[in-house]
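In the order they appear, the protein sequences are chains A and B.
So that you can map any letter, position 108 of the first sequence is 108 in the working numbering, and since no number is skipped, the others follow by simple counting.
So that you can map any letter, position 316 of the second sequence is 1316 in the working numbering, and since no number is skipped, the others follow by simple counting.
Ideal placement from N, C-alpha and C gives every residue a C-beta, glycine not left out.
Worksheet: one structure, shown below.
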Amino acid sequence: MDIIIIDGLSFALPLFIMAIGGIYCEKSGVTMLAVEGLQGFGAFAGALAAVAVSGIFAGNSPVPFYIAMVFAVAGGAVFALIHALLCLRFKANQVISGVVVNIMAMAMTAYLTKLLNRVIFGAASDKFVLTVSSKITIPVISRIPVLGAVFTNLYPFELVIVAVAFIAWFIMYRTRFGMHLRACGDNPHAVDAAGRNVNKVRLSAIVICGGLSGLGGICFAYSISANFSSSIYVGYGYLAIAALIFGNWRILPTLGACLLFGFARSGGYRLVQVLQMPSSFQDLVMILPYVLTLLLLVFFSRQNGAPRALGEIYDKGAR
Amino acid sequence: MKKGNRTWNAIKIPLFAILCSLVAGGVIIAVTGSNPFRAYYALLQGSGLAPKASYANYKNILTDFFSYVNYFTPMIFAALAVAVALRAGLFNIGVSGQMLAAGFTATILVGYSGLGSVLAKPLVLLVGMIAGGAAGALIGFLKFKFNINEVVSSIMLNYIFQYVVSFLINTFYVDPVSRQSAEVSAASRLTLMDTPVGGLKMDIPLGVIFAALAVVLVWFLFEKTRLGYELKAVGCSRSAARYAGIRVGKCMVLSMTISGMLAGLAGVSYYLGYVGSIQPKVLLSTGFDAIAVSLLGNNNPFGIIFSTMLISLIGKGSTYMKSTAGVDSEIASVITGIILLFSACNVYMKWKLERRRQEKLNAKDAQNGQGGV
């Protein structure tokens, strides 16, 4: 039981921060399917930074990880500019643009990883090897039965994510900027009339989304795979989008959806272990989050509260 | 506007996109210290469009070319699948998953059955179409009935297919040596492998004939039939189509079904044509590259032939390029990505061109007006 909670949380929280990024972008009225690519590119930038500085610090030092986090956020944000350029400047179809960004991210990170490994580090490898982040246990509270598991064997990034998520929530619902952002998604003309530049607000939303996705990506790279390679693209970005749709574009319900995915996944893995099934059954367990997503969408997509101007290109002259 | 002029305008933008991407790719290759012209020539050589320096036994430029045709056949089907959905305003990003589902179903039903070649080959096509069509129809149905974004549902299905097929292969059909699914019977393969023709050993792809047929049929559907017209109307504006009395839901499900059937054909022509087995846990990039191909071809069936040949050229030739010009084969997908990036801007470029034409006309009118006074 404890293991299910511990593993579930370490999967759900990176997913959650990516979903928040998606909420920011979609709430501002820009369809965001590029989370997958953004998290991958963010993870690439972070992993590159971590590998580059790893020689300076001792083997178990947590500093490279924090440097990686910063670079992952920056990398994701910069790469998101492509989506912004296509959607805002060139008025491209936002769904297509998102897919283009994903494909670009996969192609570029695969190429660059190989190239940089050869040129800078002199190794023929298609991955950056990272360490698995060390875990911490919070002393007193972790002894509470069942609930204590939440505070046991935490990855440090989980605390960072919770903090960032809270700030993101605060900005979205308690500040003027957040209000403008939400208004851009529902009634961009009103925002324009109020004297705010719609495209600027949307640009910042896309960049925020890129940063948060990058953060999620590097957390996955440090926890699940312990390296950066093309195996980072396993669809968690899309899972995050499903979570935010299921959460009705609101941050707190989305957290619930992410936790559900996380526990379904860790629960399934545990089941395979407990019943001592052959390892090929893990493939069957892997489909759990996806099947769950589809089923939930069947029930919740009907009355979904998508932002009203979602996916529409803002045209000042239109009525 | 004259017809020829319009065709030229339609071609101008993709050509521009290709040119930009090749230049961008060339710059990347040059920066990393290789000769871009040699790299691009190696792409042609690898695809049998230019002679190589030397050939192995029983091989020459023609075998390379046939192998290239064999390679791009699935891509034509896949790009048509994307185009049919896009024309109706839907985005089928699940082509890869549908290919896998169709390829796997055909493999276990026909590929392992031991049927004779006359019966097996048509059956493979049929099973592939049915399986792919069913997967596509499911996505369309979910969209129509439950308002589920087709992008999300098809991606979820991609992963579900990938893992379920991987599980089934590893449990029942695995070849212990290759760690892939056991090879399908030669009778069911859509490519006649290593057929001796005039002192050469060639892979003759039969699928390409059906691909050509599919191109014509899709063109016919959209240009000459009522259903095609309705699909296009739904793609242009869902609400306008509804007011015109078109049953939008039916159209969405139908277009996804047709799209899925084409994806199924892509699947069988890959898994039971180009290769003879399925690698577990791997989703092909064909379905995603097909989006680039379709966009580049303006979603026009005949345009798709050319864009398929181009994009496949980059993919197919990249292995040879790596061995001769020393350029990482991953650059191929980077170039494809850049092409995609430029073609995503086509609406903007079209608008820009149109505006420039208008301005020119206006200027001319103003001049004429002055001359008249």
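Can you tell which of B:Lys1281, B:Ser1021, B:Gly1287 has the C-alpha that lies nearest to the C-alpha of cysteine 1345 (chain B)?
B:Ser1021
Nearest-angstrom beta carbon gap, alanine 12 (chain A) and leucine 259 (chain A) [assumed within contact, 8 Å]:
5 Å
Threonine 1195 (chain B) by DSSP, collapsed to three states: which one?
strand
Given that alanine 1344 (chain B) touches chain A, what residues does it touch there, using C-beta distances under 8 Å?
Leu86, Phe90, Ala92, Asn93, Ile96, Ser97, Val100
In this structure, does DSSP put isoleucine 1204 (chain B) in helix, strand or coil?
strand
Would the beta-carbon of isoleucine 1013 (chain B) fall within 8 Å of that of leucine 1310 (chain B)?
no
In whole angstroms, give me the CA-to-CA distance for glutamine 1162 (chain B) and alanine 1088 (chain B).
27 Å
When you compare only the Cα positions, how much space is there between alanine 1039 (chain B) and valine 1327 (chain B)?
7 Å
Measure the CB-CB distance between glycine 1273 (chain B) and glutamate 1183 (chain B) and report whether it falls below 8 Å.
no
Residues of the region 1008 to 1034 of chain B with a CB closer than 8 Å to any CB of chain A: list them in chain order, please.
Thr1032
Contact check, alanine 1083 (chain B) vs phenylalanine 1091 (chain B) under 8 Å by CB: the rounded distance?
Between phenylalanine 1091 (chain B) and alanine 1083 (chain B) the Cβ distance is about 11 Å, and since that is not below 8 Å, they are no contact.
Going by beta carbon distance, what residues of the same chain come within less than 7 Å of threonine 1105 (chain B), once the five residues before and after it are set aside?
Val1127, Ala1131
Looking at lysine 27 (chain A): is its Cβ nearer than 8 Å to the Cβ of proline 253 (chain A)?
no
In the structure shown, what three-state DSSP assignment does phenylalanine 228 (chain A) receive?
strand
Could you give the first and the last residue of the continuous alpha helix (DSSP H) run that contains threonine 1105 (chain B)?
1095 to 1106
With 16 other CB atoms within 10 Å as the buried threshold, where does valine 146 (chain A) fall?
exposed
Are the region 1070 to 1083 of chain B and the region 1294 to 1312 of chain B touching, with three or more C-beta to C-beta distances below 8 Å?
yes
Please check if any C-beta of chain A sits within less than 8 Å of the C-beta of isoleucine 1314 (chain B).
no
Rounded separation between serine 1034 (chain B) and lysine 1145 (chain B) - CA only:
54 Å
Quick one: list the residues of chain B neighbouring tyrosine 290 (chain A), beta-carbon separation under 7 Å, in chain order.
Met1156, Tyr1159, Ile1160
For the region 7 to 27 of chain A, which residues have a CB atom closer than 9 Å to at least one CB atom of chain B, in sequence order?
none
Quick one: grab the DSSP three-state call for isoleucine 136 (chain A).
strand
For a contact meaning CB atoms closer than 8 Å, what does valine 298 (chain A) contact in chain B?
Leu1142, Phe1146, Ile1148
Does DSSP put valine 1373 (chain B) in a helix, a strand or coil?
Note that valine 1373 (chain B) scores 44 on pLDDT, short of 50, meaning its location in the model is unreliable and no value can be drawn from it.
Contacts that serine 301 (chain A) makes with chain B (C-beta to C-beta distance below 7 Å)
Phe1146, Asn1147, Ile1148
Could you tell me whether the Cβ of isoleucine 120 (chain A) comes closer than 8 Å to any Cβ of chain B?
no
Using a Cβ cut-off of 8 Å, pull out every chain A residue sitting near phenylalanine 1167 (chain B), in sequence order please.
Ser280, Phe281, Asp283, Leu284
What does DSSP give as the partner residue(s) for leucine 1181 (chain B) in the beta ladder?
First, the residue type needs correcting, since residue 1181 (chain B) is serine and not leucine in the sequence shown. Beta-bridge pairing links serine 1181 (chain B) to B:Val1174.
Going along chain B in order, which residues have a C-beta closer than 7 Å to the C-beta of leucine 294 (chain A)?
Ser1153, Met1156
Taking the beta carbon of arginine 279 (chain A) as the centre, do at least 16 other beta carbons fall within 10 Å, making it buried, or is it exposed?
Per the sequence presented here, residue 279 (chain A) reads as serine, with arginine not at that position. Classification for serine 279 (chain A): exposed.
Taking 8 Å as the threshold, find out whether the region 1147 to 1155 of chain B comes into contact with the region 233 to 241 of chain A through three or more Cβ pairs.
yes
Contacts of serine 1333 (chain B) in chain A (Cβ-Cβ under 8 Å):
Ile103, Met106, Ala107, Ala110, Tyr111
Sub-8 Å separation of serine 1329 (chain B) and threonine 1336 (chain B) beta-carbons
no
Just curious, the alpha helix (DSSP H) that proline 278 (chain A) is in, first and last residue?
Segment: none, proline 278 (chain A) is in no alpha helix (DSSP H) and carries neither H nor E.
Taking just the CA atoms, how far does isoleucine 1209 (chain B) sit from asparagine 1009 (chain B)?
30 Å
Within 8 Å of any Cβ in chain A, is that where the Cβ of glycine 1337 (chain B) sits?
yes
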